[in-house]
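In what follows, a structure is listed as structure tokens, so that the remarks can point back to it.
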């Protein structure tokens, strides 16, 4: 029997946001919100591993011992090395600048785990593009099923599921997972679960702030 | 109401595991509810808050409930902002 592999929050986020057909990131995802969410997934994972803790004002180190995961350890080392006390939002902003590189590394990790495969294609016989279709799709189905089950009952979520819901809320991917009527019906439950975690609240605030910054830079048309 | 357990001072990543272990060991021995006195709790971080959720989840699986007693105003605000009051009974 095939079983799903243990994935990190960042890997689960990537998996949900890859288009089933093309294996590329869904067009509907705003790059800036995705970059902030990927940044958040690192801090979240480090809290789940007991390396970091947060409150409304700061992120602080509980243990600087490496996790053995190169991406997480790089993030942890940056936080350990920082002399100033920075908030979750500050770190999201810093790590989000490397969003594209982080995404590439996380996709590479999914390829190495055999969850997705890398397929090279040529456009117009010249331009090379890469896509990452799922190998069996079992992991994505497991993640989707877990999310749907949690949203459709009144169970108390475990921290990793609550954090994942926050990532999906921030990237607005829920509208792809749920029909519009389901989204309306479940919005309060989504918010209830996501808001349990401080990092989710900071993530939403950071995405909102980034969006407002973008909007303010768009010239008004009279 | 007499509390089953009392939290004092600060709870964060440095001591959350210890409190979690202590509370986990107690919840199987109580009746239909387990109460934690927060009157002398002065600070709680994200990892600390996760103890409440985990405890409430474990108790719910045994058809029991968690009650948080007498949080100070700052802790109460945090619990309300995080929506814990929708999941866990809080007695002021």
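Protein chains in written order, with the numbering used here: chain C, 8 to 229; chain A, 6 to 97.
Ideal Cβ positions, reconstructed from N, Cα and C, are used throughout, including at glycine.
Bear in mind that the values here come from a model prediction, so they are computed numbers and not experimental data.
| Item | Value |
| --- | --- |
| State the DSSP-derived secondary structure class of residue 171 of chain C, mapped to helix, strand or coil. | helix |
| Who are the near neighbours of residue 168 of chain C in its chain, counting only those whose CB is closer than 8 Å to its CB and skipping five residues on each side? | 153, 154, 157 and 200 |
| Exposed or buried, residue 51 of chain C, counting other C-beta atoms within 10 Å across all chains shown (16 or more means buried)? | buried |
| State buried or exposed for residue 58 of chain C, treating a residue as buried only when at least 16 other CB atoms are found within 10 Å of its CB. | buried |
| Does the count of Cβ pairs from the stretch 186-202 of chain C and the stretch 31-38 of chain C closer than 8 Å reach three? | no |
| Decide if residue 219 of chain C is buried, meaning its Cβ has at least 16 other Cβ atoms within 10 Å, or exposed. | exposed |
| Strictly below 8 Å CB to CB, what residues from chain C border residue 38 of chain A? | Within 8 Å Cβ-Cβ: nothing; residue 38 of chain A doesn't reach chain C, min ~15 Å. |
| Using a cut-off of 9 Å between C-beta atoms, extract the partners of residue 58 of chain A located in chain C. | 163, 164, 165, 166, 169 and 203 |
| Which residues share a DSSP beta bridge with residue 61 of chain C? | C:66 |
| In three-state terms, what does DSSP make of residue 42 of chain A? | strand |
| Looking at the C-beta of residue 15 of chain A, does it have a partner C-beta in chain C at a distance below 8 Å? | no |
| Check the DSSP bridge columns for residue 136 of chain C and list the partner residues they point to. | C:128 |
| Residues in its own chain within less than 7 Å of residue 60 of chain C by CB, not counting five upstream and five downstream? | 54, 67 and 69 |
| Let me confirm a value: residue 6 of chain A is counted as buried when at least 16 other C-beta atoms fall within 10 Å, else exposed. Which label applies? | exposed |
| Residue 8 of chain C: buried (16+ other C-beta within 10 angstroms of its C-beta) or exposed? | Any reading at residue 8 of chain C needs caution, since the residue's pLDDT is 46, under 50, leaving its predicted position unreliable; the model's value is listed next. Exposed, since its Cβ has fewer than 16 Cβ neighbours within 10 Å. |
| Taking 8 Å as the limit between beta carbons, can you name the residues of its chain near residue 64 of chain C, skipping five residues before and five after? | 92 and 94 |
| Are any of the Cβ atoms in chain C nearer than 8 Å to that of residue 50 of chain A? | yes |
| If you drop the 5 nearest sequence neighbours on each side, which residues of the same chain put their C-beta closer than 6 Å to that of residue 211 of chain C? | 177 |
| From residue 30 of chain C to residue 139 of chain C, what does the alpha carbon distance come to, in whole angstroms? | 4 Å |
| Please determine whether the Cβ atom of residue 152 of chain C lies at a distance below 7 Å from any heavy atom of the ligand MG. | The ligand MG is not part of this structure, which contains no ligands at all. |
| Does residue 14 of chain A come out as helix, strand or coil in the three-state DSSP assignment? | strand |
| Of all the options A:61, A:50 and A:53, which has the alpha carbon lying nearest to the alpha carbon of residue 92 of chain A? | A:61 |
| So residue 69 of chain A contacts chain C; which residues on that side make the cut at Cβ distance below 9 Å? | Those within 9 Å of residue 69 of chain A in chain C number zero; the least Cβ separation is about 13 Å. |
| Taking residue 215 of chain C as part of the alpha helix (DSSP H), name the residues at either end of that continuous run. | 205-224 |
| Helix, strand or coil for residue 70 of chain A, going by three-state DSSP, please let me know. | strand |
| Excluding the five sequence neighbours on either side, which residues of its own chain have a C-beta within less than 7 Å of the C-beta of residue 53 of chain A, listed in chain order? | 16, 17 and 21 |
| What are the boundary residues of the beta strand (DSSP E) that includes residue 95 of chain A? | 94-96 |
| Nearest to residue 195 of chain C by alpha carbon, out of C:173, C:214, C:20 and C:213? | C:173 |
| What number of angstroms, rounded off, separates the C-alpha of residue 148 of chain C from the C-alpha of residue 14 of chain A? | 44 Å |
| Is it the case that the Cβ atoms of residue 206 of chain C and residue 39 of chain C are separated by a distance below 8 Å? | no |
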